[in-house]
Amino acid sequence: MGGILIAFSLIISTLLWCDLSNQYVWLTLLVYIGFGLVGFMDDFTKLRRKENQGLSARSKFLGQIIISGLALFLLVQLPAYSTELYVPLFKNVSPDLGLFYIPFAMVVILGSSNGVNLTDGMDGLAIVPAVVTALVYGVFVYIAGHAALSQYLQVAAVPGVGEITVFCGALVGAGLGFLWFNAYPAQVFMGDVGSLSIGGTLGFISVLCKQELMMVIVGGLFVVETLSVILQVGSYKLRKKRIFKMAPIHHHFEISGIPESKVIIRFWIISILLGVMALSVLKLR
Numbered sequence: 245m246g247g248i249l250i251a252f253s254l255i256i257s258t259l260l261w262c263d264l265s266n267q268y269v270w271l272t273l274l275v276y277i278g279f280g281l282v283g284f285m286d287d288f289t290k291l292r293r294k295e296n297q298g299l300s301a302r303s304k305f306l307g308q309i310i311i312s313g314l315a316l317f318l319l320v321q322l323p324a325y326s327t328e329l330y331v332p333l334f335k336n337v338s339p340d341l342g343l344f345y346i347p348f349a350m351v352v353i354l355g356s357s358n359g360v361n362l363t364d365g366m367d368g369l370a371i372v373p374a375v376v377t378a379l380v381y382g383v384f385v386y387i388a389g390h391a392a393l394s395q396y397l398q399v400a401a402v403p404g405v406g407e408i409t410v411f412c413g414a415l416v417g418a419g420l421g422f423l424w425f426n427a428y429p430a431q432v433f434m435g436d437v438g439s440l441s442i443g444g445t446l447g448f449i450s451v452l453c454k455q456e457l458m459m460v461i462v463g464g465l466f467v468v469e470t471l472s473v474i475l476q477v478g479s480y481k482l483r484k485k486r487i488f489k490m491a492p493i494h495h496h497f498e499i500s501g502i503p504e505s506k507v508i509i510r511f512w513i514i515s516i517l518l519g520v521m522a523l524s525v526l527k528l529r
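So for the sequence shown, our numbering puts the first residue at 245; every next one is plus one.
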């Protein structure tokens, strides 16, 4: 449960350096702590039972739905926030989802949370893409929170959301500190308390700055890992055949004979390239 170390560092830094009168800060902490508690209960259950079976998938999913639903309900009540969906690369395409925005945003948050969780299967594999994603979204929230920059780059302006840049910076710092001990061969492991909370919060931050669809690019590694599991399960149920030797896909490469350390570093490189690609999309607009 090394994710507790990340949580301690991140929460203390946020409380010390963020403007605590900013509502976006408290909503972000709500998601981070809430998802962290779900992960902690799962990890604690595994330790208590002394086996790899923690909370049921249904229980974890229900907890994530309740927390994300509450945070999103409070978010859409804020006068400065809209339910429009901004589409990358298209300047004037921003449909208002209205009542459908909360379910859509919930899918983004839960998908991000479970994507990071599925990726966390090798030493250091999940934390570097998470740090890259936090770094990129730190840029996004800074731009969204500054009217002149958002107007110049033609992205959605969300007054006040720039304060979340501090949170993203704290996450980058805490993540790099954790990587020191989590890199192959790992001495400390993130656990669900770390992966679920970090993933869920990154998804929520993408919602805050109206860059939900960019998560497909920025967090592309998490998307691929999740899709590999969905395809594997679906294929086996429908055809009784597996597509991959093992899912998530990083285990497929490992079983194929590629050393674990090489799989990890290659995935890191892909994540960094996706982050650079996402930032370049800002100018392409």
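Every residue gets a Cβ at the ideal spot worked out from N, C-alpha and C, and that includes glycine.
Since the model is a prediction, treat every value here as computed from it, not as a measurement.
Quiz prompt | Residue span of the alpha helix (DSSP H) that contains His494, given as start and end | solution = Ile493 to Ile499
Quiz prompt | Short CB-CB distance (under 9 angstroms) between Ile387 and chain C | solution = No chain C is present in this structure, which holds just one protein chain.
Exercise. Would you kindly check if the distance between the Cβ of Val376 and the Cβ of Val462 is under 9 angstroms?
Key: yes
Quiz item: With contact counted as at least three CB pairs below 8 angstroms, one residue from each stretch, are the segment 348-363 and the segment 502-509 in contact?
Solution: No contact exists between the segment 348-363 and the segment 502-509.
Quiz item: Under the rule that 16 or more other beta-carbon atoms within 10 Å means buried, what is Val477, buried or exposed?
Solution: exposed
Practice problem: State the CB to CB distance for the pair Gly307 and Val437, rounded to an integer number of angstroms; the pair is presumed to be in contact (CB under 8 angstroms). | Solution: Going by Cβ atoms, the distance from Gly307 to Val437 rounds to 13 angstroms, so no, they are not a contact pair.
Quiz item: Looking only at its own chain, which residues have a Cβ that is under 7 angstroms from the Cβ of Ala370, when we skip the five neighbours before and after it?
Solution: Within the same chain, Ala370 has close Cβ partners Val360, Thr363, Asp364, Met434 and Ser439.
Quiz item: Is the distance from the Cβ of Ile408 to the Cβ of Gly443 below 9 angstroms?
Solution: For the pair Ile408 and Gly443, the CB atoms are not nearer than the 9 angstroms cut-off.
Practice problem: Starting from Ala349, follow the alpha helix (DSSP H) in both directions and report where the run begins and ends. | Solution: Tyr345 to Thr363
Quiz prompt | Reduced DSSP category for Glu504 - H, G, I as helix; E, B as strand; rest coil | solution = helix
Exercise. Please classify Asp367: is it buried, with 16 or more other beta-carbons within 10 angstroms of its beta-carbon, or exposed?
Key: buried
Quiz item: Among Ser265, Gly447, Phe466 and Cys262, which has the Cα closest to the Cα of Ile311?
Solution: Gly447
Quiz item: By Cβ distance below 7 angstroms, which residues in the same chain neighbour Ser479 in space, the five residues on each side in sequence not counted?
Solution: The answer, listed in chain order, is Lys485, Arg486 and Ile487.
Quiz item: Which residue's Cα is closest to the Cα of Leu379: Leu482, Lys506, Leu420 and Ala491?
Solution: Leu420
Quiz item: Would the beta-carbon of Leu379 be found less than 8 angstroms away from any heavy atom of the ligand NAP?
Solution: In the structure on display, the ligand NAP does not appear, and there are no ligands present to speak of.
Practice problem: Could you spell out the range, first to last residue, of the alpha helix (DSSP H) harbouring Leu369? | Solution: Careful: Leu369 lies outside any alpha helix (DSSP H) and carries neither H nor E.
Quiz prompt | Residues that Glu328 bridges to, as DSSP identifies them | solution = Answer is Asp340.
Self-check item: Segment limits, alpha helix (DSSP H) that includes Gln395
Solution: Run containing Gln395: Ala391 to Leu397, per the alpha helix (DSSP H) assignment.
Quiz item: Are Leu249 and Ala418 touching if we call contact CB-CB under 9 angstroms?
Solution: It is a contact, given that the beta carbons lie within the stated cut-off.
Quiz item: My guess is that Thr272 and Ile387 are in contact by the Cβ rule of under 8 angstroms, so how many angstroms apart are they, rounded?
Solution: That belief does not hold up - the Cβ atoms of Thr272 and Ile387 are roughly 17 angstroms apart, past 8 angstroms.
Self-check item: Proximity to Asn336 [Cα-Cα], best of Ile513, Ala400, Pro323 and Ala414
Solution: Ala400
Exercise. Could you check the C-alpha separation between Leu314 and Phe348 for me, to the nearest Å?
Key: Going by the C-alpha atoms only, they are around 14 angstroms apart.
Practice problem: Report yes if the CB atom of Leu299 is closer than 9 angstroms to the CB atom of Thr289, and no otherwise. | Solution: yes
Quiz item: Measuring CA to CA, which of Phe511, Ile516 and Lys481 is closest to His495?
Solution: Here the closest residue by C-alpha is Phe511.
Quiz item: Given that a residue counts as buried once 16 or more other Cβ atoms are within 10 Å of its Cβ, and exposed if not, what is Leu517?
Solution: exposed
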